[in-house]
Structures are given as C-alpha cells and as structure tokens.
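Working notes for the structure below.
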DNA sequence: CTTCTTACA
DNA sequence: TGTAAGTA
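In our numbering, the protein residues as written are 59 to 207.
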C-alpha cells in the first residue's frame with residue numbers, strides 16, 4: 059500500500075521564512091547565539107548574498123527551538139546539536155512513514171478513524187486505527203465494501 | 001527600525 | 001555570550 063497523497067500542505071512551507079529577530083523572540087535565543095551557531099555550522103541560514111540578512115525557514119526554526127530546549131536541559135551545545143540531529147531524523151522518518159501509510163480519514167460515531175490501508179494482500183478489507191475515549195489505541199479490520207457508520 | 005561585522009569585556 | 005560602534 060502506498061500513500062494517496064491526500065494530505066498535502068495548502069501552503070509552501072519553504073516560503074515561510076523568518077529573520078533573526080523573529081527567530082530570536084520565538085525560540086528565546088539571542089541573535090548573538092544564532093550568529094555564533096551559524097558560524098559554527100550548527101544551523102544553516104540562507105542569504106541572498108554575503109552581508110545581507112540571514113533567513114531561516116520553518117525547518118530551521120524548529121531546529122533552533124530543539125537545540126535551545128536541549129541546552130536548557132543542561133546539554134552542551136555540541137551535544138544539543140547531536141540530539142537535535144537525531145530528533146529531526148526521527149521526525150522525518152515518522153512523517154515519511156505516515157505519508158505512505160495513512161490512506162484516508164473517516165469520522166464515525168465520535169471517533170476519527172484512520173484508514174491504514176489494505177489489511178490483506180487480496181485487498182478485501184482495510185485496517186483502521188483510532189483512539190477511544192481513554193485515548194487507548196484501537197485497531198479494526200473492516201471489509202472494503204462495508205459502510206463504517 | 002532591523003541586521004551585519006568587528007572588537008572588547 | 002553580551003554589548004557597543006558604525007554600516008547598509
């Protein structure tokens with residue numbers, strides 16, 4: 059089973075950009091630190107040319123926030139960056155997995171049922187997953203032609 | 001007004 | 001890492 063590309067972003071997140079002042083306020087990191095991390099290669103900013111202002115996209119905004127959180131937890135900058143690398147790698151894998159796994163979403167008696175694709179090789183039924191009222195994960199195999207509600 | 005670099009504490 | 005200076 060492969061993703062049906064049903065869930066796409068309505069906006070181009072690569073055009074969601076911030077300059078150093080905004081990043082500083084959002085992430086609680088001083089501009090001085092950001093320039094230092096930049097110089098050290100721990101984060102990368104794009105610039106139209108040398109000496110123009112640094113621009114950060116959303117991914118790097120998140121990255122900076124993660125590094126900051128690890129610093130606050132007591133890690134050294136080097137360690138914080140390593141933890142952030144691992145975290146972002148994990149996030150990428152999770153997103154990739156979901157992109158190719160989630161087949162659709164269906165609302166049924168108060169629950170959001172996630173269609174996880176065909177359950178069997180013969181494609182006779184779907185595997186659905188959802189969270190019940192106690193936030194416990196529940197899986198259900200449902201014939202393709204059967205109505206869910 | 002914001003950001004940049006450089007330099008000093 | 002914070003801050004000051006002089007720019008762009």
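Each residue gets a CB set at the ideal place from its N, CA and C atoms; glycine is no exception.
Confirm, please, whether the CB-CB distance from residue j to residue i is below 7 Å.
i, j, result
"residue 78", "residue 112", "yes"
"residue 183", "residue 163", "no"
"residue 76", "residue 119", "yes"
"residue 161", "residue 173", "yes"
"residue 117", "residue 85", "no"
"residue 81", "residue 114", "yes"
"residue 199", "residue 177", "yes"
Taking the beta carbon of residue i as the centre, do at least 16 other beta carbons fall within 10 Å, making it buried, or is it exposed?
i, result
"residue 171", "buried"
"residue 156", "exposed"
"residue 125", "buried"
"residue 138", "buried"
"residue 103", "buried"
"residue 69", "exposed"
"residue 101", "buried"
"residue 94", "exposed"
Assign residue i to one of three DSSP states: helix, strand, or coil.
i, result
"residue 157", "helix"
"residue 141", "helix"
"residue 87", "coil"
"residue 136", "helix"
"residue 126", "helix"
"residue 104", "strand"
"residue 82", "helix"
"residue 146", "helix"
"residue 97", "helix"
"residue 71", "helix"
I'd like to confirm the pairing. Which residues does DSSP put opposite residue i in its beta bridges?
i, result
"residue 76", "114"
"residue 171", "164"
"residue 184", "176, 200"
"residue 195", "189"
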